[in-house]
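Chemist: Residue numbers (my numbering): 2 to 128.
All C-beta atoms in this analysis are idealised placements derived from N, C-alpha and C, irrespective of residue type, glycine included.
(1) On the DSSP letters alone, give me the boundaries of the alpha helix (DSSP H) that residue 90 sits inside.
(2) Determine the burial state of residue 82: buried for a count of at least 16 other Cβ atoms within 10 Å of its Cβ, exposed for fewer.
(3) Roughly how many angstroms separate the alpha carbons of residue 50 and residue 85, rounded to a whole number?
(4) Take residue 73 and list the residues in its own chain whose beta-carbon comes closer than 6 Å to its own, dropping the five residues that flank it on each side.
(5) Please report the distance separating the alpha-carbon of residue 60 from that of residue 69.
(6) Taking the beta carbon of residue 14 as the centre, do at least 16 other beta carbons fall within 10 Å, making it buried, or is it exposed?
(7) Alpha carbon to alpha carbon, how far is residue 9 from residue 125?
(8) Should residue 90 be labelled buried (16 or more other beta-carbon atoms within 10 Å of its own) or exposed?
(9) Taking the continuous alpha helix (DSSP H) assigned at residue 67, which residues delimit it?
Written out as structure tokens, the structure reads:
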């Protein structure tokens, strides 16, 4: 089965379909479960509907806006994920690695990285 070109070109129309129709649409366009890869198709709303139609409850999905992801510090994100999943993480150990986490895990425009950039800039001006 081929992908419906009208729906493909106007993804906002998918909102009017039933969950079963959304699943069928994705199977016809991206078969083999590739539709479950958000990076591949970037239709977040439709993908979420498909996951819910596949049996996941809304409470099982953690949604974070890209703006929030850009501004969260690494330890804040780890805390949020731990709270959502109920999984334990060793906060004292992570605290000892905060600078490394910031450098490796935070978005370039996070509050922590902006502050670190300003500190480096001030040090270089005073040298």
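Modeler: Let's see:
(1) Taking the chain shown and counting its residues from 1, the one referred to as residue 90 is at position 89. Unbroken run through residue 90: none, as it is neither H nor E.
(2) Working through the chain shown from its first residue, we reach residue 82 at position 81. Classification for residue 82: exposed.
(3) As a first step, residue 50 is located in the chain shown; it is residue number 49 there, counting from the start. As a first step, residue 85 is located in the chain shown; it is residue number 84 there, counting from the start. Rounded to the nearest angstrom, the two C-alpha atoms are 20 Å apart.
(4) As a working note, residue 73 is residue 72 in the chain shown. Correct list: empty, nothing qualifies.
(5) Position 59 of the chain shown, counted from the first residue, corresponds to residue 60. Position 68 of the chain shown, counted from the first residue, corresponds to residue 69. Approximately 19 Å between the Cα atoms of the pair.
(6) One-based indexing of the chain shown puts residue 14 at position 13. Exposed: under 16 other Cβ atoms inside 10 Å.
(7) Residue numbering aside, residue 9 sits at position 8 when the chain shown is read from its first letter. Residue numbering aside, residue 125 sits at position 124 when the chain shown is read from its first letter. For residue 9 and residue 125, the distance between alpha carbons rounds to 52 Å.
(8) Your numbering for residue 90 matches position 89 in the chain shown. Burial call: exposed.
(9) By 1-based counting over the chain shown, the position of residue 67 is 66. Residues 67-72.
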